[in-house]
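Under our numbering, the first residue of the sequence shown is numbered 5, with each subsequent residue one higher.
Just so you know, even glycine gets a beta-carbon here, dropped at the ideal spot from N, CA and C.
Quantities reported herein were computed from a predicted structural model and do not represent experimental measurements.
Worksheet for the structure shown next.
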Amino acid sequence: MDLPALPPIDSLRGAFAGRLITDPRDLEPFLVDWRRRYFGRAIAAAIPDTVEGVAAVVRWCAAHRVAVVPQGGNTGMSGAATPDDSGRSVVLSLARLKRVRAIDTVNNSITVEAGCTLAEVRAAAQAAGRLFPLSLPSEGSCTIGGNLSTNAGGVAVLRYGNARELCLGLEVVTADGETWHGLRGLRKDNTGYDLRDLFVGSEGTLGVITAATLKLYPLPAAQVTAMAALDDPHAALRLLEQAQSALGSSLTAFELISDLCLELVAKHFPDHRRPFAQPSPYYVLLETSDSEGETHATAAFEALMERALDTGIVRDAVVATSGAQSRALWALRELISEAQSATGNNIKHDVSVPISSIGDFVERTNAELAQRFPGIRLVVFGHLGDGNLHYNVSPPVDRCGPEHEAEFLALQPAINRVTHDSVHAFGGSISAEHGLGQLRRDESARYKSAIEMALMRRVKQALDPLGIMNPGKVLPPG
Ligand code: FAD
Ligand code: MLT
Ligand code: ZN
């Protein structure tokens, strides 16, 4: 289809209040993803000051058939916030929509604009004596708009759910530049299709989230962190069962970590080391959020760890006795991504399987990959408590250098295929929390039914008939 000639960029500059970035040097950070895997092109990056400005930018793009690529903190892991290489895109950054519009501690809700970082929202809730429980290692940079658009998960899903379950209402600028004011803070609203749920997880392909009303929770009286050393994911599952029966819903985090993760963290962040004298094949980092207080929480954890040691489920365990110790244990977990990136190229997977299958999935997939790709190393970590693993592959230790990058990354399709076919065989998902973006877009058609693909295309056609919203993401072409 012939596209109309692009109008002078000044017509966009004059259309809204905010910043318009066109200088190539200033534009560069908007055109590459956090992993530096995807590089795109754009006419400009528009950073409106207001919701009306967002709508004006979208209307300009619709009128001139220019793609809109919404961007928050640009920390996404699937290349979904990076424009394609057509050069006919505007990156629409929500960075200036930063207001906390309302907090209602009786309704237990907070209304914030899309450009607020997750850390800012958590801090605003805390200042009001409440908890906003979404918690990701990227919370200092990622934004609420991105969290909702990727339906982010993080470390507290097993207790509080993912971004979708924490969202009560949305304000969205639609693909034709209209604004849907849906910021109702209701737990119950059965008046037609759930439009909110269409936009959550849509990765910028259906509309631009400009604000959200989110659930708040009571602040826990105490949070206690522990780390256990164990043999394998099967043992971790047995510990999870014991933890959930001992701690109930106060168990708020249960993260699996393989030893190579901590080896990489120690290599790149030497101050951060295993808290045990001897290494172990795996570790679990767990946290309890207790309403009764520190003494009760610590006693419950110590009893749990004693039982786990007595029953041989864990080899060793440590319970943090101070905030500093707790933060040190969490740093070991939160630095894994950066440590793996610092080690060079890696092939990442963000998969989920039924929690009870995790041990068998890891065992079977490790064996198949080791047989097919001798020497590769598995960096396995993630949110075992909700069945989501970051099952990442690093090159053999003697092939980590940049000179081997192309050769190793050439294995990605085959390694993805083995891993994702195994996930599928266990009834799992090839993207648990990072979305499909560009990275998983084409593979999704292998694992989704024809009717699912057709229904998603109909939704896309209905809400973005011009196809200007973040083209090339989520749905394979054609
Ligand atoms: P961006 O990367 O800017 O955009 C992501 C997607 O959302 C794109 O499709 C974009 O178009 C769309 N988008 C952004 N803002 C809007 C908006 N206002 N309206 C419509 N669409 C929009 N993710 C997890 O789920 N769990 C984790 O534990 C986790 N840990 C991480 C750790 C590290 C160190 C890093 C770097 C990333 C991690 N992530 C994790 C991935 C990432 O932080 C999340 O996907 C996050 O939700 C992205 O938010 P963002 O604002 O950076 O979005
Ligand atoms: C995490 O849980 O740390 C993230 O999802 C990031 C990653 O997969 O690297
Ligand atoms: Zn994660």
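Beta-bridge partners of residue i, as assigned by DSSP
| i | result |
| --- | --- |
| Asp-108 | Ser-113 |
| Asn-396 | Val-383 |
| Ala-36 | The question names Ala, but residue 36 is Val in the sequence shown. DSSP, once it has assigned bridges, lists Phe-43 as partnering Val-36. |
| Ile-261 | Tyr-287, Phe-385 |
| Ser-435 | Asp-354 |
| Arg-23 | Ile-51 |
| Leu-255 | Thr-292 |
| Trp-64 | In DSSP, Trp-64 forms no bridge with anything. |
| Glu-135 | Looking at the sequence provided, one finds Leu at residue 135 rather than Glu. According to DSSP, Leu-135 bridges with Tyr-221. |
| His-185 | Glu-175 |
| Thr-121 | Thr-147 |
Under 8 Å between C-beta atoms of residue i and residue j
| i | j | result |
| --- | --- | --- |
| Cys-265 | Ile-340 | yes |
| Leu-388 | Phe-258 | yes |
| Thr-209 | Met-457 | no |
| Arg-134 | Asn-112 | yes |
| Leu-260 | Gly-158 | no |
| Pro-87 | Arg-45 | yes |
| Leu-220 | Ile-148 | no |
| Phe-273 | Ala-343 | yes |
| Thr-79 | Ser-142 | yes |
| Leu-172 | Leu-243 | no |
| Thr-26 | Ala-60 | no |
| Lys-82 | His-438 | According to the sequence shown, residue 82 is Ser rather than Lys. It is a contact, given that the beta carbons lie within the stated cut-off. |
| Ala-179 | Ala-118 | no |
| Ile-362 | Gly-391 | yes |
| Val-383 | Ser-398 | yes |
| Gly-77 | Gly-150 | yes |
| Ala-449 | Pro-480 | yes |
| Leu-122 | Leu-101 | no |
| Ala-230 | Asp-294 | no |
Limits of the alpha helix (DSSP H) - the one that residue i falls within
| i | result |
| --- | --- |
| Met-457 | 454-467 |
| His-428 | 416-429 |
| Thr-369 | 362-376 |
| Tyr-164 | 161-164 |
| Pro-28 | 28-31 |
| Leu-470 | Taken as a continuous stretch (DSSP letters only), Leu-470 belongs to no alpha helix (DSSP H), as it is neither H nor E. |
| Glu-411 | 409-413 |
Where the beta strand (DSSP E) containing residue i begins and where it ends
| i | result |
| --- | --- |
| Gly-93 | For the record, residue 93 in the displayed sequence is Ser; it is not Gly. Looking at the DSSP string, the run of the beta strand (DSSP E) that includes Ser-93 is 93-97. |
| Val-73 | 71-75 |
Per-residue DSSP class, three states only, for residue i
| i | result |
| --- | --- |
| Ala-156 | coil |
| Gln-442 | coil |
| Gly-173 | strand |
| Leu-498 | Residue 498 falls outside the range modelled here, since the chain spans only 5 to 482, and no answer is possible. |
| Arg-103 | coil |
| Ala-216 | strand |
| Gly-144 | coil |
| Thr-209 | coil |
| Gly-476 | coil |
| Tyr-197 | coil |
| Leu-10 | coil |
| Val-401 | helix |
| Pro-87 | coil |
| Val-269 | helix |
| Val-204 | coil |
| Asp-180 | coil |
| Ser-249 | helix |
| Gly-482 | coil |
| Ser-448 | helix |
| Gly-57 | helix |
| Arg-168 | helix |
| Arg-191 | coil |
8 Å Cβ cutoff, residue i in contact with chain D
| i | result |
| --- | --- |
| Leu-218 | Any reference to chain D falls outside this structure, which holds one protein chain only. |
- Item | Ordered list of alpha helix (DSSP H) runs contained in the segment 271-356, each at least 4 residues | 298-314, 327-338, 340-346
| query | What are the start and end residues of each continuous alpha helix (DSSP H) run of 4 or more residues lying completely inside the segment 220-244, in chain order? | reply | none
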